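Residue numbers (the numbering used here), protein chains in the order written: chain G, 1 to 262; chain C, 263 to 847.
Glycine included, C-beta positions come from ideal geometry on N, C-alpha and C.
None of the values given here were measured: they were computed from a predicted structure.
Accompanying notes for the structure given below.
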């Protein structure tokens with residue numbers, strides 16, 4: 001645990017010892033405040049909307065936050081030192097991951113500040129705002145885990161960031177992709193069914209099932225209920241599973257790097 | 263947890279390695295031999311030769327050769343060993359990844375199956391949870407009721423999304439709550455009438471209803487009575503002057519669906535007539551929420567102009583006059599009297615104005631012993647006054663004695679203690695009991711001021727009455743009688759000296775406002791449906807407000823520029839300073 005703590009502290013401080021952390025905070029603050037200010041000047045106070053807006057920008061923030069997690073070690077030549085340290089791979093990965101999550105939490109300080117300002121000006125903080133924040137942060141945790149994984153497998157920061165951006169964009173397009181695959185399956189089953197074994201409704205159902213299954217994997221779809229003010233266990237477990245899986249993949253990727261050291 | 267998991271993985275890895283070691287023992291022995299040979303070769307190559315100098319010259323190249331080939335063999339052997347180990351660990355890694363992904367997937371799929379109910383509605387007015395009224399309605403169902411959704415289960419969420427400006431993803435869940443709480447009386451069915459148009463005939467054999475895709479049809483299976491709930495009506499919209507467009511103001515899915523269930527389960531439906539002809543405030547301008555409330559709770563709502571001499575229809579249960587500006591005519595007094603004698607009910611709201619309502623007052627005095635006075639009600643206790651925002655100071659002020667909180671007294675219309683107060687956002691007249699007390703007439707005060715209420719007598723600000731609880735709304739019941747002249751049935755009246763407490767602008771102030779409920783109980787009492795509906799009504803659930811009541815523009819500008827420009831710029835400058843310092847290191 002102490003080793004994890006040491007890695008966590010070192011990693012968190014590294015965000016503030018370089019310009020990355022400050023610039024990220026500045027951009028996050030600027031964009032969220034832009035949304036907040038426009039609403040405020042129109043006498044509106046819509047925190048759930050602000051968080052949803054910022055969530056749509058994860059595709060930009062998270063890759064910048066996570067791209068350096070492992071690639072920086074590789075660039076500086078400290079990767080071997082880290083891997084040969086007494087800390088286990090899980091401790092290394094969790095230390096770095098938790099530092100990125102904490103950094104993200106600090107970035108969201110603008111949201112808390114806006115809540116306070118709005119409240120002091122007579123606005124109402126609705127329960128849906130709290131559940132939206134949970135959804136917002138859980139999604140960020142899952143995305144940070146994905147970014148961490150790509151940072152572990154990529155050779156440099158740019159590649160890690162670009163791959164993360166592409167994957168996050170795919171998440172955005174997942175529903176469209178799901179529809180395309182669903183209709184492809186329906187058409188395909190219809191085309192190959194020369195003997196008319198499959199009923200047309202069966203082909204449609206199969207396509208719909210595939211579409212549903214792909215959509216099911218999209219993190220943002222799962223937390224939609226949170227933004228309405230409903231707290232559900234299923235999306236909570238789902239997003240934590242996402243984070244766990246990608247952290248597990250990260251440990252495997254690092255282990256692989258260790259073996260391949262000849 | 264993760265570290266425990268890591269330990270499990272590690273021990274599994276050790277076992278895997280052990281088993282792999284056993285199966286590849288022969289290979290290892292061979293590898294070991296190669297390695298030993300190579301090491302021996304290295305050692306031999308490095309051993310110094312001291313004897314037979316003649317042969318040294320001949321042996322030297324041979325020994326170098328052996329040395330080189332020995333090292334090569336050793337490197338190859340080590341490489342092969344590493345490759346094998348890597349392959350082994352690679353296989354192990356792939357297997358563990360597959361196992362972990364499978365476990366996580368199965369866990370999530372199992373939760374999808376069993377954990378659908380593990381959710382909590384955090385919204386202020388429990389928008390996505392069935393109210394007590396709906397639960398009681400479902401509990402009391404005697405007939406089997408079916409809700410038919412006229413589309414497929416997969417297409418339904420998408421359809422709701424298309425017809426609504428707000429998210430309605432909770433509707434399938436809400437329908438499921440109806441099913442679960444009905445004790446098996448209510449069923450849900452999806453019917454795709456686009457693919458199978460014959461279903462329309464099956465659902466509505468009479469063909470009287472217009473069934474369209476995406477609508478919900480609530481049907482009593484015993485008597486085939488049905489009501490259509492259009493998907494578009496699950497949310498209430500209103501035109502907003504500020505944004506110049508219709509905006510969603512309330513969820514009314516539960517109100518609509520429960521109302522429909524109530525409708526198909528009951529046979530006796532009271533009819534409310536909104537009276538016009540005396541410059542009453544139009545219902546769609548100020549009373550649309552009340553209108554929805556009545557419709558959703560199975561009152562039939564109709565309009566009637568009594569000033570044209572039109573007789574009051576036989577099916578009328580309640581006549582409602584919302585803030586008439588003129589008195590009723592003497593002819594109308596006769597028709598109203600006839601209507602009341604046959605058991606009708608009357609609901610009147612007024613506000614302070616120059617009108618004295620001579621004819622209306624004579625009717626009220628005769629039948630109900632009530633009087634609308636010309637006295638304006640004041641609230642002297644500042645704690646009970648409602649705030650008015652001063653745009654100059656940006657602060658709330660409590661100096662308007664005509665807008666205040668009032669209390670609901672226990673009466674025939676609602677006999678429980680209520681802690682909350684009613685919002686009276688406009689001026690009020692005083693309503694009093696007259697001097698026509700009869701054994702068959704009972705009058706009760708329903709809404710009153712605090713003990714520090716006063717009256718401006720005849721609206722004169724200089725003539726103020728003593729302090730006391732001033733009645734604003736009174737009810738009266740004439741139980742009917744048989745005398746030498748005629749036979750009368752019981753009649754009921756609710757007379758309100760304030761109109762503002764029922765307007766849309768007041769009812770939209772807070773989701774917890776009790777004004778709506780008070781009106782509902784009054785309407786139920788007047789419609790004589792209180793025996794089945796006492797203490798419960800299904801109301802629309804207003805969407806939450808996302809606005810702030812802060813009018814000081816300069817402060818708003820300052821806050822906006824501070825948060826959107828100054829703070830981000832400061833953070834950016836810190837970042838640049840950190841960067842330049844690091845460069846100098």
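Coarse secondary structure for residue i, derived from DSSP in three states
| i | result |
| --- | --- |
| residue 812/C | coil |
| residue 264/G | Coverage of chain G is limited to positions 1 through 262, which leaves residue 264/G absent and any answer about it impossible. |
| residue 419/C | helix |
| residue 296/C | Note on residue 296/C: pLDDT 41, under 50, position unreliable in the model; the coordinate value appears next. DSSP places residue 296/C in helix when its eight states are reduced to three. |
| residue 615/C | coil |
| residue 197/G | coil |
| residue 703/C | strand |
| residue 472/C | coil |
| residue 104/G | helix |
| residue 718/C | strand |
| residue 564/C | strand |
| residue 30/G | helix |
| residue 312/C | Summary for residue 312/C: the model assigns pLDDT 45, below 50, so the residue's position carries little reliability; its value from the coordinates is reported in the next sentence. Reduced to three states, the DSSP call for residue 312/C is coil. |
| residue 680/C | coil |
Minimum Cβ-Cβ distance from residue i to chain C less than 9 Å
| i | result |
| --- | --- |
| residue 229/G | yes |
| residue 68/G | no |
| residue 173/G | no |
| residue 27/G | yes |
| residue 80/G | no |
| residue 262/G | Note that residue 262/G scores a pLDDT of 47, beneath 50, so its modelled location is shaky and nothing firm can be said. |
| residue 77/G | no |
| residue 96/G | no |
| residue 2/G | no |
| residue 44/G | yes |
| residue 41/G | yes |
| residue 238/G | yes |
| residue 168/G | no |
CB contact check: residue i to chain G, cutoff 9 Å
| i | result |
| --- | --- |
| residue 767/C | no |
| residue 363/C | yes |
| residue 348/C | yes |
| residue 426/C | no |
| residue 384/C | yes |
| residue 369/C | yes |
| residue 645/C | no |
| residue 830/C | yes |
| residue 358/C | yes |
| residue 380/C | yes |
| residue 393/C | no |
| residue 734/C | no |
Nearest residue (CA-CA) to residue i, options the options
| i | options | result |
| --- | --- | --- |
| residue 823/C | 27/G, 84/G and 33/G | 33/G |
| residue 694/C | 549/C, 359/C and 738/C | 738/C |
| residue 185/G | 207/G, 173/G and 166/G | 207/G |
| residue 628/C | 546/C, 704/C, 404/C and 341/C | 704/C |
| residue 691/C | 755/C, 743/C, 619/C and 681/C | 619/C |
| residue 440/C | 845/C, 351/C, 399/C and 588/C | 399/C |
| residue 166/G | 143/G, 70/G and 179/G | 143/G |
| residue 139/G | 28/G, 15/G, 257/G and 226/G | 226/G |
| residue 593/C | 783/C, 779/C and 573/C | 573/C |
| residue 788/C | 540/C, 418/C and 532/C | 532/C |
| residue 815/C | 673/C, 713/C, 655/C and 753/C | 655/C |
| residue 171/G | 191/G, 160/G and 217/G | 217/G |
| residue 377/C | 48/G, 238/G, 205/G and 79/G | 238/G |
| residue 168/G | 135/G, 63/G, 68/G and 141/G | 63/G |
Proximity test, Cβ basis, 9 Å: residue i and chain B
| i | result |
| --- | --- |
| residue 233/G | Chain labels in this structure do not include chain B; the protein chains are G and C. |
Those runs of the alpha helix (DSSP H) which lie wholly inside the stretch 443–469 of chain C and span at least 4 residues:
460–465
In chain order, which beta strand (DSSP E) runs of at least 3 residues are fully inside the stretch 521–562 of chain C?
533–538
When you check each C-beta in the stretch 809–827 of chain C against every C-beta of chain G, which residues fall closer than 7 Å?
809, 810, 811, 812, 818, 821, 822, 825 and 826
Interface positions of the stretch 105–127 of chain G facing chain C (Cβ-Cβ less than 8 Å), listed along the chain:
110, 113, 114, 117, 118, 121, 122, 123, 124, 126 and 127
Taking the runs of the alpha helix (DSSP H) that are 4 residues or longer, which of them lie wholly in the stretch 618–665 of chain C?
620–630
Which ranges does the beta strand (DSSP E) cover as unbroken runs of at least 3 residues, wholly within the stretch 720–769 of chain C, from first to last along the chain?
733–740 and 753–758
Anything in the stretch 205–218 of chain G with a Cβ closer than 7 Å to a Cβ of chain C? List those residues in chain order, please.
208
Sequence ranges, beta strand (DSSP E) only - wholly within the stretch 344–412 of chain C, length at least 3
381–383 and 407–411
Please go through the stretch 49–96 of chain G and give each complete beta strand (DSSP E) segment of 3 or more residues, from N-terminal end onward.
none
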